[in-house]
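Chains as they are written, first to last, in the numbering used here: chain A, 1 to 315; chain B, 1001 to 1199.
I have placed the structure first, in the form of structure tokens, so that the comments after it can refer back to it.
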Amino acid sequence: MNCEWVKDNAFLYAYDELPDDQRFEFEQHVNRCPNCAEEVKALKGLREVMSAAPMLEPSPSFLAESRMKLQEQLEIAQQERGWKRWFFDPFAMLSSMKFSPALAAAILIFGFVGGAGVAYKMASNRAGGHPDGGHVIFTPAPSTEASIAGIRDIQKDPNTNKVSIKYDTLQPQTAEGDLNDAKIQQLLLYAARNNTNTGVRLNAVSLSGEQANDAKVRDALKASLRYDTNPGVRMKALEALTPYIKDDATVRDVVLEVLLHDNNGGVRSLALQTLQPVSADSAVRMELQYLADKDKDQAIKRQAQAMLATLPEID
Amino acid sequence: MPGQQTAGRVDDTNLIRAAQQGNHRAFEELIRQYDQAVLRLALHLTGSPDDAQDIYQEAFLKAYKSVGNFRFECSFYTWIYRIVTNLCLDHLRKRQVRKEESAVVSDSEGDEFSLLDTVSDDRAAHNPERDLMRKELGRKIGKALTRLTERERMVFELKHYQGLKLRTIGEMLNTTEETAKNTLFRATQKLRTSLAEMR
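This is how it looks when you write it as structure tokens:
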């Protein structure tokens, strides 16, 4: 082993990358050669200096926020994947289409957010709003016994019986703020898509409907109309979207889809009523004609026929 | 350290297979083992919480969309990091790191601080001169890192700050261990030169 080789591989030694057999010879050489020893010292010094810039550790709230945003994107990706299958085989897919129950992730995330000392309580604007005119109030959450949300890691000390277990805890939180507040809206949209409790989703959709002039809110309502497993929630979303049926073509498209493919007669009937203002539109008229001729639901068939009867003849 | 095997690491195989069959919970449980390390890597490399979050999201969305293509030819950890490192390399190529302020990053509240300010050091608190020296050193380190190419920076980051073996780094960057070694060699040489010039 010569000096050239040692100097070329000193960085590997400094970073513990030399194989054991080479490491022994390397050390033997360095012990005898002051120049090479100096090189090794310089590289170890470099390693120490570079370590003076410490690793930035994501804070718990930053990690929770990142996870929440990722969860939203994954839900959208999951729904888009389901929608593509729905397009090709709607009747088979409708029976299996459901929200991904993200409850564990949601409560874990809420627990993390709560760990930063923030607490929220839901309030409606109709109840009088907030005295601050839109600022979210942070109130301490009542102390509750935290329950375990998941186990992250288990380590045992090889020399003792001591075991170290890392786990996440769940802590309920409440939020209070104005309906116009962005954070409140974000929570509402999340609840509309990610909650397993139908009542909560219903409330979330209902409240979101008051802000449906926001495109992002409208997108969430469309998603609820397409994918929510509960017909009541779908109908609530439909009601919220009704004012936009004339001006927003994407709303009209979603309502047409629902009219063709929803498995609930009440939802379909409401969808038909919603299309009344735009029944003269050629795409809508075609669909009405199809329903009037071929739909298996007699009530829908009659409703479509009645709507067509009110339309002027096409030349 | 992410490179070390822990006794408690969950067997990924069943989770991966379940995720490939469309089990969303399995996928979420799978990525939960790695997401903190991924965010840490992205944050340290970019110095920006917003960019780190973008890389974090994009990486796991890509993983979700392509988990069906995972063939167990490497560990899931390596596979995920391959996605992340590619995104980080793209980021490094697109953005010019600010040379004078490369040791300055923004925290999640948007406030800027020096990397060295995050280190809890009781001695520094009682020694303003030493504190100043450490900040200056942080600035020099940041500046020295900007002189590396994207790949040199990535290899150095993964080796020095993430503690990964060169063989693993080679797999993640879709290259050989030998190439990773040569890249690390160049990186350390450049850093030595840069820091010497700044004395």
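All C-beta atoms in this analysis are idealised placements derived from N, C-alpha and C, irrespective of residue type, glycine included.
Between which two residues does the alpha helix (DSSP H) carrying residue i extend?
{"i": "B/Y1081", "result": "1076-1094"}
{"i": "A/K166", "result": "Looking at the DSSP string, A/K166 is not in any alpha helix (DSSP H); the run it does join, the beta strand (DSSP E), is 163-170."}
{"i": "B/S1066", "result": "1049-1066"}
{"i": "B/K1159", "result": "Taken as a continuous stretch (DSSP letters only), B/K1159 belongs to no alpha helix (DSSP H), as it is neither H nor E."}
{"i": "B/P1128", "result": "1128-1146"}
{"i": "A/L12", "result": "3-14"}
{"i": "A/C36", "result": "34-50"}
{"i": "A/M286", "result": "282-294"}
{"i": "A/T196", "result": "Unbroken run through A/T196: none, as it is neither H nor E."}
{"i": "A/E210", "result": "Looking at the DSSP string, A/E210 is not in any alpha helix (DSSP H), and its letter there is neither H nor E."}
{"i": "A/A304", "result": "298-309"}
Specify the secondary structure class of residue i as computed by DSSP and reduced to three states.
{"i": "B/L1191", "result": "helix"}
{"i": "A/T144", "result": "Only weak support is given to the placement of A/T144: the predicted model assigns it a pLDDT of 48, under 50, and the value that follows is read from those uncertain coordinates. Coil, per DSSP."}
{"i": "A/G232", "result": "helix"}
{"i": "B/Q1021", "result": "coil"}
{"i": "A/I154", "result": "strand"}
{"i": "A/A341", "result": "Since the first residue shown for chain A is 1 and the last is 315, residue 341 of chain A is missing from the structure and cannot be characterised."}
{"i": "A/R23", "result": "helix"}
{"i": "A/P58", "result": "coil"}
{"i": "A/I245", "result": "coil"}
{"i": "B/E1152", "result": "helix"}
{"i": "B/Y1034", "result": "coil"}
{"i": "A/T274", "result": "helix"}
{"i": "B/K1165", "result": "coil"}
{"i": "A/N31", "result": "helix"}
{"i": "A/D214", "result": "coil"}
{"i": "B/M1172", "result": "helix"}
{"i": "B/A1196", "result": "helix"}
{"i": "A/E72", "result": "helix"}
{"i": "A/E313", "result": "coil"}
{"i": "B/R1071", "result": "coil"}
{"i": "A/D262", "result": "coil"}
{"i": "B/F1113", "result": "Low per-residue confidence applies at B/F1113: pLDDT is 43, beneath 50, and the placement is therefore not dependable enough to give any value."}
{"i": "A/E17", "result": "coil"}
{"i": "B/N1182", "result": "helix"}
{"i": "B/A1012", "result": "The question names Ala, but residue 1012 of chain B in the sequence shown is Asp. Helix."}
{"i": "A/S66", "result": "helix"}
{"i": "A/A53", "result": "coil"}
{"i": "A/S279", "result": "coil"}
{"i": "A/T250", "result": "helix"}
{"i": "A/D181", "result": "coil"}
Can you give the beta carbon distance from residue i to residue j, rounded, assuming they're within the 8 Å contact cut?
{"i": "A/P231", "j": "A/V254", "result": "Not really, about 15 Å apart at Cβ, beyond 8 Å."}
{"i": "A/R316", "j": "A/Y244", "result": "What the structure shows of chain A is the stretch from 1 to 315, and residue 316 of chain A is not part of that stretch, so it cannot be assessed."}
{"i": "A/K216", "j": "A/V251", "result": "Incorrect: roughly 14 Å between the Cβ atoms, too far for contact."}
{"i": "A/E75", "j": "A/N194", "result": "6 Å"}
{"i": "B/T1078", "j": "B/T1149", "result": "Not really, about 23 Å apart at Cβ, beyond 8 Å."}
{"i": "A/L225", "j": "A/L238", "result": "6 Å"}
{"i": "B/L1039", "j": "A/P58", "result": "5 Å"}
{"i": "A/A320", "j": "A/A292", "result": "Limits of chain A in this structure are 1 at one end and 315 at the other, which puts residue 320 of chain A out of reach."}
{"i": "A/S208", "j": "A/A240", "result": "7 Å"}
{"i": "B/R1134", "j": "A/A52", "result": "7 Å"}
{"i": "A/T288", "j": "A/L270", "result": "The sequence given here has Leu at residue 288 of chain A, not Thr. With 8 Å as the limit, A/L288 and A/L270 do not qualify as a contact, their Cβ atoms being about 15 Å apart."}
{"i": "A/K357", "j": "A/L202", "result": "Lying outside 1 to 315, the shown extent of chain A, residue 357 of chain A is not represented and no answer is given."}
{"i": "A/Q211", "j": "A/L187", "result": "About 12 Å separates the two Cβ atoms, so there is no contact after all."}
Is it the case that the stretch 29-43 of chain A contacts the stretch 62-73 of chain A, given that we only count it when at least three CB pairs across the two stretches are under 8 Å? no
Quick one: any contact between the stretch 1153-1163 of chain B and the stretch 1037-1048 of chain B, if contact means 3 or more CB pairs under 8 Å? yes
Does the structure place the stretch 165-185 of chain A close enough to the stretch 147-155 of chain A that three or more beta carbon pairs sit under 8 Å? yes
Any contact between the stretch 1170-1177 of chain B and the stretch 1068-1086 of chain B? By contact I mean 3 or more CB pairs, one from each, below 8 Å. yes
Measuring CB atoms only, is the stretch 1192-1199 of chain B touching the stretch 1130-1145 of chain B, in the sense that at least three cross pairs come out at less than 8 Å? yes
Cβ contact (3+ pairs, closer than 8 Å) linking the stretch 3-16 of chain A and the stretch 48-59 of chain A: no
Three or more C-beta pairs below 8 Å linking the stretch 1061-1077 of chain B and the stretch 1012-1032 of chain B: yes
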